[in-house]
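Colleague: Protein chains in written order, with the working numbering: chain A, 59 to 335; chain B, 745 to 1339. Before anything else, here's the structure in question.
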Amino acid sequence: MNRFWSILFFLVPLLGTGTFLMAAWGMAPFQGAWLPENYSVAGKTIDHLFYLLCWISALIFIGTGIVIGWVLWRYDHRRQQRAHYFSHNFKLEMVWTIIPAIILVFIAFYQMNAWAETKMIRPTIMQNGQAVTKPPMVLVMAKRFGWEFHYAGPDGLIETADDDYIENELVLPIDTDIVLQLETRDVIHSFFVPQLRVKQDIVPGMKQFMWFRATSTAEMEIACTELCGWGHYTMQGRLRLVTPTDYQAWLAERRQRQTPPMNPEQEETGTDQAKPE
Amino acid sequence: MSDMSTQLETASKGRSGNPILRFLGSYVFSTDHKIIGLQFLFSSLIWFAIGGMLALAIRWQLAFPWSDMPIFGPTLFASEGGQIPGVFYNMLFTMHATIMIFFVIIPILSGAFGNYLIPLMIGAEDMAFPRLNMFSYWFMWPAFACMIGSFFMPGFGPTAGWTSYPTLSLITGDAQNLWILGLIFVGISSMIGSINYMTTILQMRAPGMRMFRMPMTVWALFITAILQAFALPVLTAALFMQLSDRILATGFFAPEAILVNDTTSISGGGEPLLWQHLFWFYSHPAVYIMILPAMGMVSDMLSCFARKPLFGYRPMVYSLTAIAGLGFVVWGHHMFVSGMNRILAISFMVSTMLIALPSGIKVFNWLGTLWGGRLYLTTPMLFSIGFVSMFIIGGLSGIVMAAPPVDIQIHDTYFIVAHFHYVLFGASVLGVMGAIYFWYPKMFGRMMNETMGKIHFVLTFIFLNGTFFPMHFLGARGFPRRYADPYRFEEFQDLLPLNQFITLCAFLMGAAQLIFLVNFFGSLFWGRKAGRNPWNANSLEWSAPSPPPHGNFDFQPYVYRGPYEYSHPGREDDHWPQVESAEAPDSQEIPSPTA
């Protein structure tokens, strides 16, 4: 019977890493249950980090799993007359303190740049010979339960009277540094596009900025990932990534159609957020 | 002596002769730490069943969205064809989490095992403040009333999630007020308990029981009590602030005025992130409050059934302390993408990486304890090894999430759900189950059935992995938490079959707990009688009668050695109880009678 338990515990890392590999390779029944296809530059770094951490985890997982399986196999009371009496081993303890510490410090430093690039160092543009942070291209306004995307009007600036606004559909050019400004009309929301590896909570009273660079044209969905009420799961947006030329054409077409400029502020009376659930 | 009725008679000496009053005094309003411990145990197990049903309802909706839900569907939503509304789903996960955290795991670890074991394991006759101890249990009842009452409020109950982030939690229905009050009462109960545990452990140890002769269970409960005492006031304050935002229209957490029901205005000027900082300042240490006592109990069980000294006893204590200390400076890793200062994320990432180190050391020490032992694979031992095995998974996925760039992708997805269920169910609940099998003979004087116990273990173990492991894959895909119907999104539609598999495993895991239920209550009547020390264990509680009478020991315990002297080469017997007065391993170990 002890063999049974030994095998059961050994199966944990075996099946664990096995299913992880199957999912990563898209094998049945796990096809599609893995990181979705990546469409952003920063996403490559994030995926690389994810794989690296998975591999480190798998090694530790298998190593400790073998030890658990082996001790159950070897040290059963029917095979072992008496337990070895020892309570510590200074050298061994130093080894298993220092090596994990080195690995953890390595992980900590290794990822700092990726975080800085995706969340701290905003893209810049040259203006009068000086690098300044790139102004946001679109203002994303989250509300229960949908998204408003405010594009700059003829003046080229967002948050002005001539803004053009679309509900639930965001169109952006690829191969361009895109900066979004995120705000909310009511509660906390979160802007999440799995294929772009971007996520940012949007907090009432705060302006958040998010940036990324998409690599190829595609259509994808935008999800809210911070609980915002009964319709949280209905807060669905569409994102179309198009080539810069198509984007300019689309913008031009929008400007022609924009008669008269819609003002979303008038539609929102403020009572929407006051309804209790 | 080994009978409950003896306990009752002893406990009620000097009380009124009226049998009803005597019963009330002994079993209901008792000041005996053992009765209070059992009260915590039974009420937590009842809440565990309720919380489990809520979990299955969540799983039902994710496998068969909007179909006729069993039990809840026909009773509550017959007019909608048994289909639940979206807000009901929000209630389900809010209450599942709240109940499992505040009414099951924390009270069963600190309340049930803390109360039952601390005085017995340190050789005291009761807690330092028995009456305060009784109040700590009875403060749970207003909390129970609030939670049950909240189910009947309009909107089915609290729906803002167990994290209750403002400003959503400021505009949800009135059930939220009951939720807040309930948690405040739980907090008072825990606070009273933790003061009592600290005082008892510091002041009431038997002669010879030095701090470094205490079993890991007592150490873990001691450190947990300190964590609770320092972290709880912050949560309590934050809860009162949210309550006053809701009913007094203050504006701690709202940046601009909000109208609710066109009557009450919440004034602005506040900051939603403030709540998140205060909440996680408590709730991250709470994660350790929910695992450290289980770690302690598992350490004791592993050593006992490996018939071998615990490997690295002092490093184990130091790593517990390190986890508790670092536990106060890692809360920000719940908030990497919250809008918090982004540079701050780096410092929280580093402290989170640091806290992985003592956790890793504990795992290696458990493996070192098993290595070279003489393993008896009893039910409590299997659950303990299961604890270690599952804790490894939960710990490793924790490191993956602690990397802020990776967290961008998996935050608020099922990856997180997988991680904390591996820690809280895979580790904590397996540890609790093992502890119930282990100390049941002490609590009730009878053994639980081993065969049923092993079947319970193997089914729970297989189906828990079937339930929680695939959630990692869902999370990597970006499958969000807290979605009543994720399949509205085209990109998640192909994940339905995997979700149905998870639900199947969850229901089978739920069904496996019925074996435990039968075993637990059946063994009260038909279990084999247990002597004082059925497992040949060393710690003090096993030298008291089973179950121990009021006052615990029928002799004055003197402690001669640490709790882990198993298979000592100088002895034929493979255990050496702490109270056994024989020649000590070395002369330094002989206690002075007044030590």
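Ideal Cβ placement from N, Cα and C applies to all residues, glycine included.
How far does the alpha helix (DSSP H) with Thr943/B in it extend, from its first residue to its last?
Modeller: Here residue 943/B refers to the residue found at position 199 of the second sequence. Note, Thr943/B: alpha helix (DSSP H), 919-947.
Colleague: If you scan the region 1255-1292 of chain B from start to end, which runs of the beta strand (DSSP E) of 3 or more residues do you find wholly inside it?
Modeller: For the region 1255-1292 of chain B, not a single whole beta strand (DSSP E) run of length 3 or above is found.
Colleague: Using a beta-carbon distance cut-off of less than 7 Å, what residues from the region 1143-1156 of chain B approach chain A?
Modeller: Listed by position along the chain: Ile1143, Val1144, Ala1147, Pro1148, Pro1149, Val1150, Ile1152, Gln1153, His1155, Asp1156.
Colleague: List the DSSP bridge partners of Glu206/A.
Modeller: Working through the first sequence from its first residue, we reach residue 206/A at position 148. Answer is Met199/A, Glu225/A, bridged to Glu206/A.
Colleague: Just to confirm, are Ala1281/B and Cys1048/B a CB contact at a threshold of 7 Å?
Modeller: Numbered from its first residue, the second sequence carries residue 1281/B at position 537. Numbered from its first residue, the second sequence carries residue 1048/B at position 304. Result yes, Cβ atoms of Ala1281/B and Cys1048/B sit closer than 7 Å.
Colleague: Note down, in chain order, all residues in the region 1082-1099 of chain B with a beta-carbon under 8 Å from any beta-carbon belonging to chain A.
Modeller: Those residues of the region 1082-1099 of chain B that come within reach of chain A (Cβ to Cβ, closer than 8 Å) are Ser1082, Gly1083, Arg1086, Ile1087, Ala1089, Ile1090, Met1093, Val1094, Met1097, Leu1098.
Colleague: If you measure from the beta carbon of Tyr133/A to each beta carbon in chain B, is any gap under 7 Å?
Modeller: Walking along the first sequence from the start, residue 133/A turns up at place 75. Yes, Tyr133/A lies at the interface with chain B (some Cβ there is under 7 Å from its Cβ).
Colleague: Could you check what DSSP says for Met268/A in three-state terms: helix, strand or coil?
Modeller: Taking the first sequence and counting its residues from 1, the one referred to as residue 268/A is at position 210. Three-state result, Met268/A: strand.
Colleague: Is there a Cβ from chain A that is less than 7 Å from the Cβ of Val1262/B?
Modeller: For the purposes of this step, residue 1262/B is taken as residue 518 along the second sequence, with counting starting at 1. Chain A contact via Cβ: absent.
Colleague: Buried or exposed for Ala868/B, going by 16 or more other Cβ atoms inside 10 Å?
Modeller: Within the second sequence, residue 868/B is the residue found at index 124, counting from 1. Label assigned to Ala868/B: buried.
Colleague: I want to know whether the region 252-261 of chain A touches the region 91-110 of chain A - three or more CB-CB distances under 8 Å.
Modeller: Output reads yes: the region 91-110 of chain A touches the region 252-261 of chain A.
Colleague: Considering only C-alpha positions, which residue in the set Tyr860/B, Ala1171/B, Leu1268/B is nearest to Ile849/B?
Modeller: What you label residue 849/B is simply residue 105 of the second sequence in a count that begins at 1. Residue Ala1171/B is the option with its Cα nearest to Ile849/B.
Colleague: Please name the residue, chosen from Arg1315/B, Ala841/B, Phe1188/B, Ser988/B, that lies closest to Pro1278/B on a Cα-to-Cα basis.
Modeller: Within the second sequence, residue 1278/B is the residue found at index 534, counting from 1. Nearest C-alpha to Pro1278/B: Phe1188/B.
Colleague: Residues in the region 1311-1325 of chain B with C-beta within 8 Å of chain A's C-beta atoms, listed in sequence order?
Modeller: Those residues of the region 1311-1325 of chain B that come within reach of chain A (Cβ to Cβ, closer than 8 Å) are Ser1311, His1312, Pro1313, Asp1318.
Colleague: Consider the Cβ of Gly817/B: report whether some Cβ of chain A lies at a distance smaller than 7 Å.
Modeller: Residue 817/B sits at position 73 when you count from the first residue of the second sequence. False, the Cβ-Cβ gap to chain A never drops below 7 Å.
Colleague: Taking the straight line between their C-alpha atoms, what separation do you get for Leu806/B and Gly74/A?
Modeller: Here residue 806/B corresponds to residue number 62 of the second sequence, with the count starting at 1. Here residue 74/A corresponds to residue number 16 of the first sequence, with the count starting at 1. Taking the straight line from one Cα to the other gives about 23 Å.
Colleague: Within the chosen definition, does the region 232-245 of chain A reach the region 195-203 of chain A through at least 3 CB pairs nearer than 8 Å?
Modeller: In short, these stretches touch, since the Cβ pair count reaches three.
Colleague: Lys778/B: buried (16+ other C-beta within 10 angstroms of its C-beta) or exposed?
Modeller: Translated into the one-based positions of the second sequence, residue 778/B becomes position 34. Lys778/B is buried by the Cβ-count criterion.
Colleague: According to DSSP, is Thr242/A part of a helix, a strand, or is it coil?
Modeller: Translated into positions along the first sequence, residue 242/A becomes position 184. Strand, per DSSP.
Colleague: So Thr980/B packs on Ala904/B, CB below 8 Å; how close in whole Å?
Modeller: Taking the first residue of the second sequence as 1, we reach residue 980/B at position 236. Taking the first residue of the second sequence as 1, we reach residue 904/B at position 160. Actually they are not in contact, since the Cβ atoms of Thr980/B and Ala904/B sit about 18 Å apart, beyond 8 Å.
Colleague: So that I know if they touch, is there some Cβ in chain B lying closer than 7 Å to that of Glu241/A?
Modeller: Translated into positions along the first sequence, residue 241/A becomes position 183. Chain B, which has no Cβ nearer than 7 Å to the Cβ of Glu241/A, makes this no.
Colleague: Provide the residue span of the beta strand (DSSP E) that contains Ile15/A, from first to last.
Modeller: Any property of residue 15/A remains undetermined from this structure, which presents chain A solely from 59 to 335.
Colleague: Considering only DSSP beta bridges, list what Gly295/A is partnered with.
Modeller: If you number the first sequence from 1, residue 295/A lands on position 237. BP columns for Gly295/A point to Ile280/A.
Colleague: Can you list, in chain order, the residues of the region 1216-1244 of chain B whose Cβ is nearer than 8 Å to any Cβ on chain A?
Modeller: Cβ contacts with chain A: His1216, Phe1217, Leu1218, Ala1220, Arg1221, Gly1222, Pro1224, Arg1225, Arg1226, Tyr1227, Ala1228, Asp1229, Pro1230, Arg1232, Phe1233, Glu1234, Glu1235, Asp1238, Leu1239, Pro1241, Leu1242.
Colleague: Hey, Asn226/A and Gly204/A are a contact pair by Cβ (cut 8 Å); roughly how many whole angstroms apart?
Modeller: Walking along the first sequence from the start, residue 226/A turns up at place 168. Walking along the first sequence from the start, residue 204/A turns up at place 146. Indeed they touch by this definition, with Cβ atoms about 5 Å apart.
Colleague: Give the single residue among Gly1083/B, Thr1096/B, Ala1089/B whose Cα lies nearest to the Cα of Val1074/B.
Modeller: The sequence position of residue 1074/B within the second sequence is 330, counting from 1. Val1074/B has its Cα closest to that of Thr1096/B, out of Gly1083/B, Thr1096/B, Ala1089/B.
Colleague: For a cutoff of 7 Å on Cβ pairs, would you count Glu225/A as touching chain B?
Modeller: The sequence position of residue 225/A within the first sequence is 167, counting from 1. Glu225/A does not count as touching chain B.
Colleague: Can you tell me where the alpha helix (DSSP H) with His777/B in it begins and where it stops?
Modeller: Along the second sequence, one-based indexing puts residue 777/B at 33. Note, His777/B: alpha helix (DSSP H), 777-807.
Colleague: Residue range of the beta strand (DSSP E) that Lys257/A falls in?
Modeller: Here residue 257/A refers to the residue found at position 199 of the first sequence. First-last of the beta strand (DSSP E) with Lys257/A: 256-260.
Colleague: Hey, quick one: how far does the alpha helix (DSSP H) through Val1061/B stretch, first residue to last?
Modeller: Numbered from 1 along the second sequence, position 317 holds the residue referred to as residue 1061/B. 1057-1070 is the extent of the alpha helix (DSSP H) around Val1061/B.
Colleague: For the beta strand (DSSP E) containing Val1303/B, name the first residue and the last one.
Modeller: Translated into the one-based positions of the second sequence, residue 1303/B becomes position 559. Run containing Val1303/B: none; DSSP gives neither H nor E here.
Colleague: Could you please give me the residues that DSSP links to Tyr1310/B through a beta bridge?
Modeller: As a working note, residue 1310/B is residue 566 in the second sequence. Partner(s): His1319/B.
Colleague: Relative to the C-alpha of Thr911/B, which residue among Thr176/A, Tyr223/A, Ile246/A, Ile232/A is closest?
Modeller: Here residue 911/B corresponds to residue number 167 of the second sequence, with the count starting at 1. Checked all of Thr176/A, Tyr223/A, Ile246/A, Ile232/A; the closest Cα to Thr911/B is Ile246/A.
Colleague: Have a look at the DSSP bridge pairing and note the partners of Arg1190/B.
Modeller: In the second sequence, the residue the question calls residue 1190/B occupies position 446. Lys1273/B, per the DSSP bridge assignment.
Colleague: List the residues of chain A whose Cβ lies closer than 9 Å to the Cβ of Phe846/B, in chain order.
Modeller: Residue numbering aside, residue 846/B sits at position 102 when the second sequence is read from its first letter. Within 9 Å Cβ-Cβ: nothing; Phe846/B doesn't reach chain A, min ~19 Å.
Colleague: Is Trp963/B close to chain A? Criterion is C-beta to C-beta, closer than 7 Å.
Modeller: Looking up residue 963/B in the second sequence gives position 219. No, its Cβ sits nowhere closer than 7 Å to a Cβ of chain A.
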